Amino acid sequence: MSDGNDQSETKGRLSLRPAARGDAGHTVDAGSVRQSFSHGRSKVVQVEVRKKRGPGAAPAGAAPQAPSSAPAPALSLKPAAERPAAPAPARPRPATGPGGRTLTAAELATRQRVLAEAAQREAERREQEKISILSAAEEARRKAEEEARLKAEEEARQQAEEEARAKAEEEAKAQAAQEAAMKPAAPAAAAPAAAKPAPVAARPAGAPVRPAAPAARETLQLKPGGRTAEEEEEAPRNVRRPVTPAPKRGVPVAPAKKIGDGNRRSGRIDVQAAIEGEDEKTRSLASVRRQRERERRQAELERLRSDGVKVVREVVLPETITVQELANRMAAQGRDVVRALMKMGVMATITQAIDADTAELIVNEFGHKVRRVSDADVEIGLEGEEDTEAELLPRPPVVTIMGHVDHGKTSLLDALRHANVASGEAGGITQHIGAYQVSLPSGDKVTFLDTPGHEAFTAMRARGAAATDIVVLVVAADDGVMPQTIEAIKHAKAAEVPIIVAINKIDRPGADPNRVRNELLQHEIVVESMGGDTMDVEVSALKKLNLDKLLEAILLQAEVLELRANPDRAAEGAIIESRLDKGRGPVATVLVQKGTLHQGEIVVAGAQWGRVRAMLDDMGQPVKEAGPSVPVEILGLSGAPTAGEPFVVVDNEQRAREITEYRQQKLRERQVAAQTAMRGTMEEMLARIQAGAQKEVALVVKADVQGSAEAIGVVVTKVGNEEVRVRVIYSGVGQITESDVQLAKASDALIVAFNVRANAQARELASREGVDIRYYSIIYEVADDIEKLVKGKLAPIVREKFLGYAEIRQVFNITKTGKVAGCYVTEGVVKRGCGVRLLRDNVVIHQGELSQLKRFKDDVKEVARGYECGLSFAGFQDLREGDVVECYETEIIPA
Ligand code: GDP
2 MSDGNDQSET KGRLSLRPAA RGDAGHTVDA GSVRQSFSHG RSKVVQVEVR
52 KKRGPGAAPA GAAPQAPSSA PAPALSLKPA AERPAAPAPA RPRPATGPGG
102 RTLTAAELAT RQRVLAEAAQ REAERREQEK ISILSAAEEA RRKAEEEARL
152 KAEEEARQQA EEEARAKAEE EAKAQAAQEA AMKPAAPAAA APAAAKPAPV
202 AARPAGAPVR PAAPAARETL QLKPGGRTAE EEEEAPRNVR RPVTPAPKRG
252 VPVAPAKKIG DGNRRSGRID VQAAIEGEDE KTRSLASVRR QRERERRQAE
302 LERLRSDGVK VVREVVLPET ITVQELANRM AAQGRDVVRA LMKMGVMATI
352 TQAIDADTAE LIVNEFGHKV RRVSDADVEI GLEGEEDTEA ELLPRPPVVT
402 IMGHVDHGKT SLLDALRHAN VASGEAGGIT QHIGAYQVSL PSGDKVTFLD
452 TPGHEAFTAM RARGAAATDI VVLVVAADDG VMPQTIEAIK HAKAAEVPII
502 VAINKIDRPG ADPNRVRNEL LQHEIVVESM GGDTMDVEVS ALKKLNLDKL
552 LEAILLQAEV LELRANPDRA AEGAIIESRL DKGRGPVATV LVQKGTLHQG
602 EIVVAGAQWG RVRAMLDDMG QPVKEAGPSV PVEILGLSGA PTAGEPFVVV
652 DNEQRAREIT EYRQQKLRER QVAAQTAMRG TMEEMLARIQ AGAQKEVALV
702 VKADVQGSAE AIGVVVTKVG NEEVRVRVIY SGVGQITESD VQLAKASDAL
752 IVAFNVRANA QARELASREG VDIRYYSIIY EVADDIEKLV KGKLAPIVRE
802 KFLGYAEIRQ VFNITKTGKV AGCYVTEGVV KRGCGVRLLR DNVVIHQGEL
852 SQLKRFKDDV KEVARGYECG LSFAGFQDLR EGDVVECYET EIIPA
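Just so you know, the working numbering puts the end of the sequence shown at 896, numbered straight through with nothing missing.
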């Protein structure tokens with residue numbers, strides 16, 4: 002074969018190759034074999050090596066096409082190829098012969114067969130891959146991917162080939178003739194590859210993929226085997242360059258990767274499929290649950306999508322809310338909420354409570370709406386609905402008697418009570434329950450709140466005014482308007498309660514009702530007789546004069562007020578008084594303001610609740626029900642509620658508990674707040690005390706009834722003076738508990754126990770913490786004691802502070818100063834001007850002051866232990882060797 006011929010062949014081959022590739026689409030068909038190795042690696046081996054062997058110009062180029070199209074021209078050269086593989090190699094053999102090839106006919110046949118098989122298997126494998134367990138969708142996706150990749154790969158390869166070919170061209174030119182001569186079998190090899198389906202088909206179904214790799218490898222190994230050493234050097238360069246390295250340069254690793262991917266994927270799919278199959282059998286409950294959860298979430302997502310809008314929730318936010326609860330209310334994941342909080346710089350765990358402001362930010366962040374509510378909302382709906390006009394029926398007026406001390410309030414209340422028709426019938430046995438009702442001969446009734454008019458009850462009176470329809474202002478005709486009269490007027494006006502003036506003690510010689518009327522003018526009370534609209538009645542409580550007129554005036558006023566209530570509903574009202582009764586437990590006097598209270602109903606009274614076990618009227622008679630404006634004593638509460646607080650009947654215990662828990666929580670918070678505030682004040686107070694600026698006696702008052710507690714508060718506060726203040730930091734009803742002791746301890750307070758005792762735990766804690774509990778049953782004794790305490794506090798405590806000891810070693814007699822003791826300080830220090838005691842055999846023989854303290858000849862301020870010094874005592878000369886001088890300082894500690 003001539004050089005020129007060779008060259009033209011080479012050109013032809015080279016020019017044809019792209020076409021072959023182009024039409025290939027599949028690498029194998031394109032005249033290359035994909036070799037699969039372990040670990041998903043693969044390699045493409047150019048089958049065109051065959052062309053090199055096939056020296057026949059045109060067939061060499063046509064060869065690659067053969068597998069796909071099996072063109073006739075190519076085949077014409079290799080009729081034998083159609084037949085069993087053996088004859089095919091037989092033909093090229095003579096061609097290779099000149100090259101001194103060691104390739105035997107069998108080898109060549111095997112090689113060709115293997116190549117063909119590999120190609121076939123590859124095609125099959127792909128097919129299998131495609132029809133694998135993948136879902137149709139995924140397959141479609143993969144196909145698209147594959148196509149895209151193939152396209153890219155193809156383009157890259159073409160490009161790379163162009164490059165490679167350009168480079169290789171010169172080399173190839175030089176080698177072409179020689180190579181062409183050496184590879185006559187190439188076309189033949191290609192042809193059988195296509196025309197030899199039999200061996201492949203004969204293979205077992207499972208075989209294709211794996212055997213393909215070794216086969217291909219074998220093929221590779223065979224290749225060099227068929228060449229000379231020198232060719233081995235050249236040929237691989239020639240052969241591989243256009244193919245293998247090129248793609249690497251073109252589309253980086255794309256083809257290899259793709260192939261590898263395919264392998265890997267198929268491998269993975271198989272494994273997954275295997276695992277899944279296994280999973281079907283051994284799937285754990287947790288995984289099933291997870292699966293369900295996923296499905297549920299998916300469904301939720303679908304739902305949201307189908308709705309087209311995100312669900313915006315109205316998130317109800319109380320004053321505080323735990324992170325978990327907040328997440329629940331937003332239907333969000335707790336951890337997402339925690340994360341969102343973190344972003345805001347709030348480190349909170351899922352169980353922690355956050356305030357409403359923070360929570361609101363989070364809710365907004367999650368795109369929901371906020372509805373802020375207060376804990377107090379628990380009380381919403383507690384009070385029933387508004388009554389309609391038709392349901393309202395007239396009710397008796399509730400009257401509170403106010404006035405200055407000693408103007409006759411108690412007397413008037415008593416007198417009115419005795420005017421009661423019913424009480425007269427019952428033999429006048431009355432019982433103080435804080436309120437009573439008077440029945441008039443006309444059948445009308447008037448309810449009086451029997452709150453004694455002592456100044457101690459100012460607070461109660463103010464609360465009483467809230468439950469009061471009419472205030473009867475008692476003014477002594479002989480005394481006129483006094484400070485508490487004015488105070489009462491203010492209270493009544495603030496509460497917008499009409500006033501009826503009862504000018505009392507008109508039986509007194511110095512009585513001057515007109516003076517009272519005139520004085521009232523200054524306080525904007527204009528009585529009718531002076532052209533105003535305030536009724537006034539001249540009465541005498543003592544002589545029971547004009548009491549009926551007073552009652553008439555009250556009824557008249559009530560008529561003007563049109564007092565009405567619906568008796569046919571759940572009862573509501575106010576606590577008038579409460580106390581702890583030894584035998585009956587907590588007892589509260591309530592004034593029903595609306596509805597009717599029945600025995601057995603569940604009431605919430607302030608921070609207490611209970612089922613009404615029994616009800617007693619102001620005569621101590623048991624009653625089954627109490628309508629509007631009726632005061633009754635109720636038994637069965639869990640504790641003594643605070644006077645002035647509202648009570649209401651609720652449907653069930655749970656509601657009652659809910660409300661009282663909330664209220665008690667509020668109470669505790671208030672106490673804690675007071676305590677905290679106290680601590681701050683205490684520190685300031687202590688500072689002031691140390692500076693001698695202020696002193697304070699703090700008290701925790703516990704009494705059997707609210708009234709006493711308040712009275713004590715007023716009385717003891719009066720005991721204080723400019724220097725020492727008395728402050729009641731807490732006042733309450735009931736036995737002394739540990740929390741009272743703790744409060745007292747925290748505030749350095751004294752506990753005043755009025756008609757109550759401490760429980761065992763409180764007693765124990767008090768003795769442990771050194772808290773003083775003082776028991777009383779007479780109010781003025783409390784005042785006396787506190788007064789003593791206040792005075793005791795005024796006297797500062799003088800405390801001695803030990804400084805040191807000095808031992809007299811020698812006594813000198815100095816003319817001017819008298820006796821001087823040469824001492825050695827054995828302990829502590831000796832200070833000039835400090836107090837001294839001279840101890841002789843541990844007996845104090847002198848107590849006085851140091852007049853001189855010297856070190857050698859110099860006066861010094863102090864001498865420490867281990868030094869010698871000279872001491873002289875003011876006005877004392879009897880010093881002896883061996884005496885011990887005790888030095889001390891006195892401190893004045895403000896009490
Ligand atoms: P309170 O402090 O306002 O409750 O006044 P009291 O009811 O305790 O009365 C004080 C004093 O005034 C008592 O000694 C009563 O006897 C006396 N007192 C009350 N009302 C009258 C009255 O109408 N005439 C006379 N002469 N004395 C009265």
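The beta carbon of each residue, even a glycine, is placed where N, CA and C say it ideally should be. Values in this document were obtained by computation on a predicted structure and should not be read as measured data.
State buried or exposed for Leu-394, treating a residue as buried only when at least 16 other CB atoms are found within 10 Å of its CB. Translated into the one-based positions of the sequence shown, residue 394 becomes position 393. Counting Cβ neighbours within 10 Å, Leu-394 comes out exposed, since fewer than 16 surround it.
Hey, out of Glu-801, Thr-486, Pro-514, whose CA is closest to Glu-892's CA? Mapped onto the sequence shown, residue 892 falls at position 891. Among Glu-801, Thr-486, Pro-514, the Cα nearest to that of Glu-892 belongs to Glu-801.
Please confirm if the stretch 549-562 is in contact with the stretch 626-646, defined as three or more CB-CB distances below 8 Å between the two stretches. no
Beta-carbon within less than 6 Å of Gly-335's beta-carbon, same chain only, minus the 5 sequence neighbours each way: which residues are those? Taking the sequence shown and counting its residues from 1, the one referred to as residue 335 is at position 334. So the list reads Gln-325, Ala-328, Ile-351, once near-sequence residues are dropped.
Start-to-end residues for the beta strand (DSSP E) that takes in Met-505: For the purposes of this step, residue 505 is identified with residue 504 of the sequence shown, where counting begins at 1. The question names Met, but residue 505 is Asn in the sequence shown. Its beta strand (DSSP E) spans residues 500-505.
Answer with buried or exposed for Ala-217, where buried requires no fewer than 16 other C-beta atoms within 10 angstroms of its C-beta. The sequence position of residue 217 within the sequence shown is 216, counting from 1. Because Ala-217 carries a pLDDT of 39, less than 50, the predicted location of this residue cannot be relied on, and the following value inherits that uncertainty. With 16 or more Cβ atoms within 10 Å of its Cβ, Ala-217 is classed as buried.
With DSSP collapsed to three states, give me the class of Val-540. On the sequence shown, residue 540 is found 539 positions in, with the first residue counted as 1. Coil.
Going by CA-CA distance only, name the one from Val-861, Val-742, Asn-505, Tyr-663 that's closest to Val-476. As a first step, residue 476 is located in the sequence shown; it is residue number 475 there, counting from the start. Selected option, being the one with the closest Cα: Asn-505.
For Leu-318, tell me which candidate among Ser-288, Val-364, Ser-852, Glu-294 has the shortest Cα-Cα distance. By one-based count along the sequence shown, residue 318 stands at place 317. When only C-alpha atoms are compared, the closest one is Val-364.
Return helix, strand or coil for Gly-533, following the three-state DSSP convention. Taking the sequence shown and counting its residues from 1, one reaches residue 533 at position 532. Looking at Gly-533 - three-state DSSP - the assignment turns out to be coil, as it is neither helix nor strand.
Return yes when at least one heavy atom of the ligand GDP lies under 7 Å from the C-beta of Thr-411, else no. As a first step, residue 411 is located in the sequence shown; it is residue number 410 there, counting from the start. Yes, the Cβ of Thr-411 comes within 7 Å of a heavy atom of the ligand GDP.
What is the residue span of the beta strand (DSSP E) that Ile-774 lies within? Sequence index remark: in the sequence shown, residue 774 carries index 773 (1-based). Its beta strand (DSSP E) spans residues 774-777.
Throw me the rounded Cβ distance for the Ala-657 and Trp-610 pair, which I believe falls under 8 Å. Taking the sequence shown and counting its residues from 1, the one referred to as residue 657 is at position 656. Taking the sequence shown and counting its residues from 1, the one referred to as residue 610 is at position 609. That pair is a contact at about 4 Å.
Output the distance between the C-alpha atoms of Gly-601 and Arg-614, rounded to the nearest integer angstrom. Locating residue 601 in the sequence shown gives position 600, counting from the first residue. Locating residue 614 in the sequence shown gives position 613, counting from the first residue. Cα to Cα, Gly-601 sits roughly 6 Å from Arg-614.
When the distance is taken between beta carbons, is Val-837 closer than 8 Å to Gly-849? As a first step, residue 849 is located in the sequence shown; it is residue number 848 there, counting from the start. As a first step, residue 837 is located in the sequence shown; it is residue number 836 there, counting from the start. It is a contact, given that the beta carbons lie within the stated cut-off.
Classify Thr-535 as buried or exposed, calling it buried when 16 or more other Cβ atoms lie within 10 Å of its own Cβ. Position 534 of the sequence shown, counted from the start, is the residue given in the question as residue 535. That one is buried.
Measure how close the beta-carbons of Met-616 and Ala-606 come, nearest whole angstrom, since I'm counting them as under 8 Å. One-based indexing of the sequence shown puts residue 616 at position 615. One-based indexing of the sequence shown puts residue 606 at position 605. Incorrect: roughly 13 Å between the Cβ atoms, too far for contact.
Does any heavy atom of the ligand GDP sit closer than 7 Å to the C-beta of Leu-543? Residue 543 sits at position 542 when you count from the first residue of the sequence shown. At least one heavy atom of the ligand GDP is nearer than 7 Å to the Cβ of Leu-543, so yes.
Take Leu-548 and list the residues in its own chain whose beta-carbon comes closer than 7 Å to its own, dropping the five residues that flank it on each side. Here residue 548 refers to the residue found at position 547 when the sequence shown is read from its first residue. Closer than 7 Å at Cβ, skipping near neighbours: Ala-416, Leu-417, Ala-420, Val-540.
Would DSSP call Gly-637 helix, strand or coil? Along the sequence shown, read from residue 1 onward, the residue named residue 637 stands at position 636. Gly-637 falls in the strand class under three-state DSSP.
Once you ignore the five residues that flank Arg-758 on each side, which residues in its own chain have a CB closer than 8 Å to its CB? Translated into the one-based positions of the sequence shown, residue 758 becomes position 757. So the list reads Gln-736, Ile-737, Tyr-776, once near-sequence residues are dropped.
Return the residue from the list Gln-666, Val-604, Asp-619 that minimises the CA-CA distance to Gln-655. Position 654 of the sequence shown, counted from the start, is the residue given in the question as residue 655. Answer by Cα proximity: Val-604.
With a threshold of 8 Å, are at least 3 pairs of Cβ atoms found where one atom belongs to the stretch 738-745 and the other to the stretch 704-716? no
Using the C-alpha atoms, what's the distance from His-599 back to Glu-573? Your numbering for residue 573 matches position 572 in the sequence shown. Your numbering for residue 599 matches position 598 in the sequence shown. For Glu-573 and His-599, the distance between alpha carbons rounds to 11 Å.
Neighbour flag for Gly-640 against chain C, beta carbons, 8 Å: No chain C appears in this structure, which consists of one protein chain only.
Could you tell me the alpha carbon to alpha carbon distance between Glu-620 and Ala-436, rounded to whole angstroms? As a working note, residue 620 is residue 619 in the sequence shown. As a working note, residue 436 is residue 435 in the sequence shown. The sequence shown places Met at residue 620, not Glu. For Met-620 and Ala-436, the distance between alpha carbons rounds to 11 Å.
Report the three-state DSSP secondary structure of Tyr-663 (helix, strand or coil). Translated into positions along the sequence shown, residue 663 becomes position 662. Reduced to three states, the DSSP call for Tyr-663 is helix.
According to DSSP, which residues form a beta bridge with Ser-873? As a first step, residue 873 must be located in the sequence shown, where it is residue number 872. Answer is Gln-853, bridged to Ser-873.
DSSP state of Val-439, grouped into three classes? Position 438 of the sequence shown, counting from 1, holds the residue named residue 439. Three-state result, Val-439: strand.
Could you give the uninterrupted runs of the beta strand (DSSP E) lying entirely in the stretch 324-353, keeping only those of 3 residues or more? none
Helix, strand or coil for Leu-393, going by three-state DSSP, please let me know. Locating residue 393 in the sequence shown gives position 392, counting from the first residue. Coil.
Given Val-734 as reference, the closest of Glu-670, Val-588, Pro-510, Leu-766 once Cα atoms are compared: Looking up residue 734 in the sequence shown gives position 733. Ranking Glu-670, Val-588, Pro-510, Leu-766 by Cα distance to Val-734 puts Val-588 first.
Helix, strand or coil at Val-406 according to DSSP, with G and I counted as helix: Working through the sequence shown from its first residue, we reach residue 406 at position 405. Of the three classes helix, strand and coil, the one that applies to Val-406 here is coil, per DSSP.
With respect to the beta strand (DSSP E) encompassing Ser-579, which residues constitute its N-terminal and C-terminal limits? Here residue 579 corresponds to residue number 578 of the sequence shown, with the count starting at 1. Segment 573-582, the beta strand (DSSP E) holding Ser-579.
Could you tell me if Met-343 is buried or exposed, where buried requires 16 or more neighbouring beta carbons within 10 angstroms of its beta carbon? Within the sequence shown, numbered from 1, the residue matching residue 343 stands at position 342. Under this definition Met-343 is an exposed residue.
Assign Gly-101 to one of two classes, buried (16 or more other C-beta atoms within 10 Å of its C-beta) or exposed (fewer than that). Mapped onto the sequence shown, residue 101 falls at position 100. With a pLDDT of 44 at Gly-101, under the threshold of 50, the predicted position of this residue should be treated as unreliable, though the coordinate-derived value follows. So Gly-101 ends up on the exposed side.
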